[in-house]
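Written out below as structure tokens is the structure these notes cover.
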Amino acid sequence: FYMDETEVANIDYREYIYWLNRIFNPEDDPGYQKVVDGALPDTLVWRSELSYNEPLVEYYFRHPGFNYYPVVGVSWQQAHDFCMWRSDRVNEGILMQKGYISQQGVAGQQGQENFTTKSYLLGMYQAQPGKGATAKKNPLKTPQGTPRTNVTMEDGILLPDYRLPFEAEWEYAAYGLINQNPRVSTKEGKRGEELQSNKQVYPWTHNMNSSGLRDTKHGSWQGQFLANFKRGSGDNMGVAGGLNDRAVYTAPVQSFYPNGFGVYNMAGNVSEWVSDVYRPLTGLDADDVSPFRGNKYMKLYKNENGEAEIDSTGRVKMTAVTDEESKNRRNYQRGNVINFLDGDSTSQASYGYGITTLISDKSRVIKGGSWNDRPYFLSPGTRRFLEEDQASSTVGFRCAMDRLGSPEGNGRKT
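For the sequence shown, the residue numbers in the working numbering are 9 to 422.
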């Protein structure tokens, strides 16, 4: 899989809001106001009863001074929607760059008539072909040998969807244990050591003291903290003339050293949403390969005429797979398996939200420490949860993408 090297920044999320305002302009249809409002971060998360944070409420998301600070106040649902939007815009950009769709046609999009990858592949989005699609040099051909104007997934041009990382992926990326391998494979056909030389507590490994919070290398950074966190009560930043992490609240997304995989701020700055539904014992319940809790299987919605449809925002309509459709399958018997293996069938015990627990099927895992956390939460193994429709001034997110094909490179030989 691939993962963003930084958290999604305010400027990235503002581009999303700008696009929504352009495509779903409330002046054209007042009903579109809900689409735009539903994507806006909750800036009120900065408020605290015994703290003056109104400047952050007013300016943190929109002022250029915070362009490259992590976006916060975003719920899991909003982060999930951003990933879907990003997937479509990237594929749309690829098709424009290669000339398969016209830039003029894209510029005129309004309302539900906008590009989504799925609607394009299903032939439901009628794209205006670009010059590259009709040119004789177009490598895509019909069975008759004429230039083909539509791209399919088999052509290898479109990318997989962006998404929130799974908890296991996030933790793997956070540790960056490639730096603990004494001999890493550096070229194709040559295998590296199947060995990790040291255990580590935190993501950083660029110095020998990987269990500490400070840089131990001799130089200007010696003694400096390696993440943005709260050292102790009343100490979010340090003292005048000697600021330890140089951030009262969040810090720019490329602050501090990246870890072994080149990923920034996997400890500190903001905690991050991951895809998984929270359960206390996920590590014991989940599969060995690609462990994940949160599956709710979907299928294409078809009307009485057997045709697919798009919704008011241009997305292809999907519907949940029913238990009746799943009952004869060998690998799963229910369409919604979020609560699979929950409770005790003998005693009828289950997660009674609000009665015996605060954990529900909407509780999503958040990983990593934040600017307001003590060092304990900087370890990638720690985990907490928050309801998927809630937000916090300490929680942001980053995107991931599946890698298709060989896990180590297209030319890699085993």
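Note that the Cβ used here is the ideal one computed from N, Cα and C, for glycine as well. These numbers were taken from a predicted model, which means no experiment stands behind them.
Requested in this report: Reducing DSSP to helix, strand and coil, say where methionine 216 ends up.
Outcome: Counting from one through the sequence shown, the residue named residue 216 turns up at place 208. Here methionine 216 scores only 49 on pLDDT, less than 50, and its place in the model is too uncertain to base an answer on.
**Report entry** The alpha helix (DSSP H) enclosing aspartate 139, as first and last residue numbers
**Finding:** Walking along the sequence shown from the start, residue 139 turns up at place 131. For the sequence presented, residue 139 should be read as lysine rather than aspartate. Lysine 139 -> alpha helix (DSSP H) spans 139-142.
Query raised in the report: In this structure, does DSSP put arginine 301 in helix, strand or coil?
Result: Here the question's residue 301 lines up with position 293 in the sequence shown. In this structure, arginine 301 counts as coil in the three-state DSSP scheme.
Query raised in the report: When you compare only the Cα positions, how much space is there between asparagine 18 and threonine 142?
Result: Position 10 of the sequence shown, counted from the start, is the residue given in the question as residue 18. Position 134 of the sequence shown, counted from the start, is the residue given in the question as residue 142. Using only the alpha carbons, I get a separation of about 39 angstroms.
Query raised in the report: In this structure, what does DSSP give as the bridge partners for asparagine 344?
Result: The residue you call residue 344 lines up with position 336 of the sequence shown. Lys304.
Query raised in the report: What is the C-beta distance between proline 78 and threonine 258, in whole angstroms, given that I count them as a contact (C-beta under 8 angstroms)?
Result: For this step, residue 78 is matched to residue 70 along the sequence shown. For this step, residue 258 is matched to residue 250 along the sequence shown. About 6 angstroms separates the two Cβ atoms, so the contact holds.
Query raised in the report: Under 8 angstroms between the Cβ atoms of threonine 160 and leucine 129?
Result: Against the sequence shown, residue 160 aligns to sequence position 152. Against the sequence shown, residue 129 aligns to sequence position 121. For threonine 160 and leucine 129, yes; Cβs fall inside 8 angstroms.
Report task. Taking 8 angstroms as the cut-off, decide whether the C-beta atoms of lysine 238 and arginine 55 are in contact. Result -> Against the sequence shown, residue 238 aligns to sequence position 230. Against the sequence shown, residue 55 aligns to sequence position 47. No.
**Report entry** For arginine 97, the first and last residue of its enclosing alpha helix (DSSP H)
**Finding:** The residue labelled residue 97 in the question sits at position 89 within the sequence shown. Looking at the DSSP string, the run of the alpha helix (DSSP H) that includes arginine 97 is 84-105.
Query raised in the report: Does the separation of the CB atoms of glycine 314 and alanine 328 fall below 8 angstroms?
Result: One-based indexing of the sequence shown puts residue 314 at position 306. One-based indexing of the sequence shown puts residue 328 at position 320. Contact: no.
Requested in this report: Would you list the one or two residues that DSSP bridges to phenylalanine 393?
Outcome: Sequence index remark: in the sequence shown, residue 393 carries index 385 (1-based). According to DSSP, which records beta bridges pairwise, phenylalanine 393 is partnered with Val373.
Requested in this report: Report the partner residues of phenylalanine 237 according to the DSSP bridge assignment.
Outcome: One-based indexing of the sequence shown puts residue 237 at position 229. Answer is none; phenylalanine 237 lacks a bridge partner.
**Report entry** Cβ shell of tyrosine 170 (< 8 angstroms), same chain only, five flanking positions each side left out
**Finding:** By one-based count along the sequence shown, residue 170 stands at place 162. These residues qualify, in order along the chain: Cys91, Met92, Arg94, Ser95, Val98, Cys407, Ala408 and Met409.
**Report entry** Identity of the residue in Pro72, Gln118, Gln112 and Asp20 nearest asparagine 29 by Cα
**Finding:** Residue numbering aside, residue 29 sits at position 21 when the sequence shown is read from its first letter. Of the candidates Pro72, Gln118, Gln112 and Asp20, the one whose C-alpha sits nearest the C-alpha of asparagine 29 is Gln118.
Query raised in the report: For glutamate 13, does the three-state DSSP call read helix, strand or coil?
Result: To locate residue 13, count along the sequence shown from 1; it is residue 5. Of the three classes helix, strand and coil, the one that applies to glutamate 13 here is coil, per DSSP.
Query - First and last residue of the uninterrupted beta strand (DSSP E) at aspartate 284 - result: Position 276 of the sequence shown, counted from the start, is the residue given in the question as residue 284. Here the beta strand (DSSP E) through aspartate 284 covers 279-285.
Query - Closest by C-alpha distance to arginine 372, when choosing among Arg411, Val324, Glu280 and Leu234 - result: For the purposes of this step, residue 372 is taken as residue 364 along the sequence shown, with counting starting at 1. Considering only alpha carbons, the answer is Glu280.
Query raised in the report: For glycine 39, which of Thr321, Glu416, Ala135 and Leu308 has the nearest alpha-carbon?
Result: Residue numbering aside, residue 39 sits at position 31 when the sequence shown is read from its first letter. When each option's Cα is compared against that of glycine 39, the closest is Thr321.
Query raised in the report: So which of Arg411, Gly404, Glu23 and Pro63 has the shortest CA-CA distance to threonine 14?
Result: Working through the sequence shown from its first residue, we reach residue 14 at position 6. Minimum Cα distance to threonine 14 is reached at Gly404.
Query raised in the report: At what residues does the alpha helix (DSSP H) containing threonine 327 begin and finish?
Result: On the sequence shown, residue 327 is found 319 positions in, with the first residue counted as 1. Not the alpha helix (DSSP H): threonine 327 falls in the beta strand (DSSP E), residues 326-328.
Query raised in the report: Between the Cα of valine 301 and the Cα atoms of Lys207, Trp229, Gln208 and Asp350, which residue gives the shortest distance?
Result: By 1-based counting over the sequence shown, the position of residue 301 is 293. Before going on, a small fix: residue 301 reads as arginine here, not valine. The residue with the shortest Cα to Cα distance from arginine 301 is Asp350.
Query - Contacts around tryptophan 8, its chain only, beta-carbon distance under 6 angstroms, and the 5 residues preceding and following it disregarded - result: The chain is shown from 9 up to 422; residue 8 falls before or after that span and cannot be answered.
Requested in this report: Assign asparagine 339 to buried or exposed, taking buried as 16 or more other Cβ atoms, counted over all protein chains shown, within 10 Å of its Cβ.
Outcome: One-based indexing of the sequence shown puts residue 339 at position 331. Counting Cβ neighbours within 10 Å, asparagine 339 comes out exposed, since fewer than 16 surround it.
Query - For leucine 251 and glycine 268, the rounded distance between their alpha carbons - result: Working through the sequence shown from its first residue, we reach residue 268 at position 260. Working through the sequence shown from its first residue, we reach residue 251 at position 243. One C-alpha to the other measures close to 26 angstroms.
Query raised in the report: Quick one: any contact between the segment 204-212 and the segment 261-277, if contact means 3 or more CB pairs under 8 angstroms?
Result: yes
Query raised in the report: Expressed to the nearest angstrom, what Euclidean distance is found between the alpha-carbon atoms of valine 261 and asparagine 277?
Result: Here the question's residue 261 lines up with position 253 in the sequence shown. Here the question's residue 277 lines up with position 269 in the sequence shown. The straight-line gap from Cα to Cα measures roughly 8 angstroms.
Query raised in the report: What are the boundary residues of the alpha helix (DSSP H) that threonine 290 is part of?
Result: Looking up residue 290 in the sequence shown gives position 282. Element bounds for threonine 290: 290-293.
Report task. With a threshold of 16 other CB atoms inside 10 Å of the CB of threonine 150, please say whether the residue is buried or exposed. Result -> On the sequence shown, residue 150 is found 142 positions in, with the first residue counted as 1. Result: exposed.
Report task. Return helix, strand or coil for methionine 409, following the three-state DSSP convention. Result -> Translated into the one-based positions of the sequence shown, residue 409 becomes position 401. Here methionine 409 sits in strand by DSSP.
Requested in this report: Note down the Cα distance separating valine 16 from glutamate 177, rounded to an integer number of angstroms.
Outcome: Looking up residue 16 in the sequence shown gives position 8. Looking up residue 177 in the sequence shown gives position 169. The straight-line gap from Cα to Cα measures roughly 17 angstroms.
Report task. Use the C-beta contact count for proline 147: other C-beta atoms within 10 angstroms, 16 or more gives buried, fewer gives exposed. Result -> Within the sequence shown, residue 147 is the residue found at index 139, counting from 1. Label assigned to proline 147: exposed.
Query raised in the report: Should isoleucine 363 go down as buried or exposed, given a rule of 16 or more other Cβ atoms within 10 Å for buried?
Result: Here residue 363 refers to the residue found at position 355 of the sequence shown. So isoleucine 363 ends up on the exposed side.
Query raised in the report: Assuming leucine 48 and isoleucine 25 make a contact with CB atoms under 8 angstroms, what is their CB distance in whole Å?
Result: Numbered from its first residue, the sequence shown carries residue 48 at position 40. Numbered from its first residue, the sequence shown carries residue 25 at position 17. Between isoleucine 25 and leucine 48 the Cβ distance is about 7 angstroms, and since that is below 8 angstroms, they are a contact.
Query raised in the report: Are glycine 81 and tyrosine 108 close, meaning C-beta to C-beta below 8 angstroms?
Result: For the purposes of this step, residue 81 is taken as the residue at position 73 of the sequence shown. For the purposes of this step, residue 108 is taken as the residue at position 100 of the sequence shown. Against a cut-off of 8 angstroms, the Cβ pair of tyrosine 108 and glycine 81 comes out as no contact.
Report task. Give the range of the alpha helix (DSSP H) segment to which isoleucine 19 is assigned. Result -> As a working mapping, residue 19 is identified with position 11 in the sequence shown. Its alpha helix (DSSP H) spans residues 18-31.
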